[in-house]
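*Asks:* Protein chains in written order, with my numbering: chain E, 1 to 182; chain H, 183 to 364.
Please read through the structure below; I'll follow up with questions.
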DNA sequence: GTCTATACATCGATAGAC
DNA sequence: GTCTATCGATGTATAGAC
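What follows is the structure, given as C-alpha cells:
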C-alpha cells in the first residue's frame, strides 16, 4: 500500500502527475492493472492517497524546522523549508498546490491535512506582523508566484528563488510601515 | 480557419485547454474530425495557432492602453490591462503563460509574438525604475502569483487581484530605496 | 488477493474515394 | 476540401475463475 503510493510518485515524477496510468503503475510494481482495485476503488482514490501522503511529507518537514526566536528569521526559516520542499518535485507540487487533475478534489479527510499546513504558515506570518487576511494573501501569492516561475522557467536553478529572503523582508517591512502609519 | 480557432477557444474554456479534442472541435463546427487535417497538420499545430492567436489578442489589448506620463502610473495602467486579460479566460491564460500540454512547445514564429509582449512590459518597468533582471524577475513572479491565486481560488472574484496597485507600489518603492542606497 | 479476459470509451492520425 | 472507414494505442473499470 505504501509501496504503491511511493511507486506512483516515482511515475508521476517521470511522466507528470496527469500522465500517471494504472497500467503503468501496476507494471512497475509487478502486478496486473485490475489488481490495483483491491487497494483503491478508483484512480481518484489513488490521487487522494497521494495528496494525503504529500501533505504528510510536507508537514513532517515543517515541524522539523527549528524556528528562531526572532519572528522575521522564523518566517525565513519556515519558508525556506517550504520552498525547498516545493521545488524538489514538480509533480508533487502541482498535485498539492494546484488542481491539475480535472474532476479530482481531495476528500475532506485529506484536505484537512492541507489545512494544518496552512494554519502553521499563518501562525508564523502573524507572529511576524502579517495580521490582515490581505497581508497574508499577498504573501502567499508571492511565494506561489516565485515557486511557479522557478519550476516553469528554470527548474533546478535559482534564478527566482534566490530572491526569497529579499521579498520576505520587503513584505514584512511594508506591513510594518502600514501598521505604524495608523 | 479563424472560425476553427475561435471555436477551439470556446471548447477550451468549457473543458480546459487539455480537454480539447479534435473530434469535439469538428463536431462543434459541423465537420468530421479528419477534415481538420486540411487546416492543421497535427493537434500541436492547432495549439500553436491558438498560442499565436492569444498573443495577438493580448498585444492588441496592450497597445490600446493609453499610458500616463508618470512612469509609475504607466506601470499600473499596463498591468491592469494585462491582469484583466489574464483573468478573463483561464484556458487562454494557461496556454499562453504555462506549459499545460505535455510535449507542446510553441513554434519560433509564435513565440516571437510572446516576446514582443514581454519586451513591452519590460520597457514600462524599466521606465519606472526596475532596472536589474532580478528586479524584473521578482515583479513578474509576483504578478503571476497574484493571477494564479486569483484564478485558482476565487475565479471571478477580486480577493487577490485587488492588491495589485499596492504590490506594484511596494515593488517600485523597494527598487527605488535599493538604488538610492548605493 | 491476484489473475485472465474483456467491455467500453476516447483519442490522434491515415488511406483512399468523391 | 470533405467525406467514410478504419487503424492502433491508451485509458478506466468490471466480471468471474483460481
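The beta-carbon is built from N, C-alpha and C at its ideal position, and this holds for glycine as well.
Computed from a prediction, not measured in an experiment: that's the story for all the values here.
Taking all protein chains shown into account, do 16 or more other C-beta atoms lie within 10 angstroms of the C-beta of residue 323 of chain H, making it buried, or fewer, making it exposed?
*Replies:* Flag for residue 323 of chain H reads buried.
*Asks:* Can you grab the Cα-Cα spacing for the pair residue 209 of chain H / residue 215 of chain H, in whole Å?
*Replies:* Roughly 7 Å separates the two Cα atoms.
*Asks:* Using a Cβ-Cβ cutoff of 8 Å, what residues of the segment 116–147 of chain E are near chain H? List them in chain order.
*Replies:* If the cut-off is 8 Å between Cβ atoms, the segment 116–147 of chain E has 134, 137, 138, 140, 141, 142, 143, 144, 145, 146 near chain H.
*Asks:* Would the segment 47–58 of chain E and the segment 68–76 of chain E be scored as touching if the rule is three or more Cβ pairs under 8 Å?
*Replies:* Segments in contact, no.
*Asks:* Please work out which residues of its chain come closer than 6 Å, Cβ to Cβ, to residue 309 of chain H, disregarding the five sequence neighbours upstream and downstream, and give them in chain order.
*Replies:* Counting only Cβ-Cβ distances below 6 Å, and skipping sequence neighbours, we find 253.
*Asks:* For the segment 58–65 of chain E against the segment 38–45 of chain E, are there 3 or more C-beta pairs whose distance is under 8 Å?
*Replies:* With a cut-off of 8 Å, the segment 38–45 of chain E and the segment 58–65 of chain E do not count as touching, because too few Cβ pairs lie within range.
*Asks:* In angstroms with no decimal places, state the Cα-to-Cα distance between residue 353 of chain H and residue 161 of chain E.
*Replies:* If I take the Cα positions, the gap works out to 16 Å.
*Asks:* At a Cβ cut of 9 Å, what residues of the segment 337–349 of chain H count as close to chain E, listed as they run along the chain?
*Replies:* Cβ contacts with chain E: 341, 342, 344, 345, 348, 349.
*Asks:* Taking 7 Å as the threshold (beta carbon to beta carbon), is residue 24 of chain E in contact with chain H?
*Replies:* No - not a single Cβ of chain H is within 7 Å of the one on residue 24 of chain E.
*Asks:* Going by CA-CA distance only, name the one from E/118, E/181, E/90, E/98 that's closest to residue 154 of chain E.
*Replies:* When only C-alpha atoms are compared, the closest one is E/90.
*Asks:* Is DSSP giving residue 108 of chain E helix, strand or coil here?
*Replies:* It is helical.
*Asks:* Applying a beta-carbon distance threshold of less than 9 Å, which residues of chain E neighbour residue 280 of chain H?
*Replies:* Neighbours of residue 280 of chain H on chain E, chain order: 148, 152.
*Asks:* Can you pull the chain E neighbours of residue 290 of chain H, defined as C-beta to C-beta under 8 Å?
*Replies:* Those within 8 Å of residue 290 of chain H in chain E number zero; the least Cβ separation is about 18 Å.
*Asks:* DSSP state of residue 219 of chain H, grouped into three classes?
*Replies:* Helix, per DSSP.
*Asks:* Starting from residue 171 of chain E and walking both ways along the alpha helix (DSSP H), at which residues does that stretch end?
*Replies:* Run containing residue 171 of chain E: 164–181, per the alpha helix (DSSP H) assignment.
*Asks:* If you measure between the beta carbons of residue 357 of chain H and residue 311 of chain H, is that distance less than 7 Å?
*Replies:* Cβ atoms of residue 357 of chain H and residue 311 of chain H: closer than 7 Å.
*Asks:* By DSSP, does residue 160 of chain E sit in helix, in strand, or in coil?
*Replies:* Three-state result, residue 160 of chain E: coil.
*Asks:* To which residues of the same chain is residue 211 of chain H closer than 6 Å at the C-beta, ignoring the five residues directly before and after it?
*Replies:* Once the five neighbours on either side are set aside, the close Cβ partners of residue 211 of chain H are 189.
*Asks:* With a CB to CB cut of under 6 Å and the five nearest residues on each side skipped, what residues in its chain are close to residue 294 of chain H?
*Replies:* Taken in chain order, the list of residues that qualify is empty.
*Asks:* Does the beta carbon of residue 356 of chain H come closer than 7 Å to any beta carbon on chain E?
*Replies:* Judged by the 7 Å Cβ criterion, residue 356 of chain H is in contact with chain E.
*Asks:* Drop a sphere of 10 angstroms on the beta-carbon of residue 183 of chain H, count the other beta-carbons inside from all chains shown, and report buried for 16 or more, exposed for fewer.
*Replies:* Exposed: under 16 other Cβ atoms inside 10 Å.
*Asks:* With 7 Å as the threshold, decide whether the Cβ of residue 183 of chain H is near any Cβ in chain E.
*Replies:* Chain E contact via Cβ: absent.
*Asks:* In its own chain, which residues sit with a C-beta less than 8 Å from the C-beta of residue 349 of chain H, not counting the 5 before and 5 after it?
*Replies:* Around residue 349 of chain H: 324, 328.
*Asks:* Using a Cβ-Cβ distance cut-off of 7 Å, determine whether residue 261 of chain H contacts chain E.
*Replies:* For residue 261 of chain H, the answer is no, since every Cβ of chain E falls outside 7 Å of its Cβ.
*Asks:* Hey, would you say residue 156 of chain E sits closer than 7 Å to residue 96 of chain E, going by beta carbons?
*Replies:* It is not a contact, given that the beta carbons lie outside the stated cut-off.
*Asks:* Kindly say whether residue 198 of chain H, judged by its beta-carbon, lies nearer than 7 Å to any beta-carbon of chain E.
*Replies:* Yes, residue 198 of chain H lies at the interface with chain E (some Cβ there is under 7 Å from its Cβ).
*Asks:* So which residues of chain E does residue 201 of chain H contact, with C-beta pairs closer than 9 Å?
*Replies:* Here the neighbours are 102.
*Asks:* Name the two residues that bound the continuous alpha helix (DSSP H) containing residue 29 of chain E.
*Replies:* That run of the alpha helix (DSSP H) goes 22–29.
*Asks:* Return the chain-ordered list of same chain residues with a C-beta closer than 8 Å to the C-beta of residue 83 of chain E, the five sequence neighbours on each side being excluded.
*Replies:* Taken in chain order, the residues that qualify are 143, 146, 147, 161, 164.
*Asks:* Taking C-beta to C-beta, are residue 17 of chain E and residue 94 of chain E nearer than 7 Å?
*Replies:* Taking 7 Å as the Cβ cut-off, residue 17 of chain E and residue 94 of chain E qualify as a contacting pair.
*Asks:* For the alpha helix (DSSP H) containing residue 187 of chain H, list its first residue and its last residue.
*Replies:* Here the alpha helix (DSSP H) through residue 187 of chain H covers 184–197.
*Asks:* Of all the CB atoms in chain H, is at least one closer than 7 Å to the CB of residue 31 of chain E?
*Replies:* False, the Cβ-Cβ gap to chain H never drops below 7 Å.
*Asks:* Cα-Cα, which of E/37, E/150, E/88, E/10 is closest to residue 61 of chain E?
*Replies:* Nearest C-alpha to residue 61 of chain E: E/88.
*Asks:* If you draw a straight line from the C-alpha of residue 259 of chain H to the C-alpha of residue 302 of chain H, how long is it?
*Replies:* In a straight line, the C-alpha of residue 259 of chain H is about 13 Å away from that of residue 302 of chain H.
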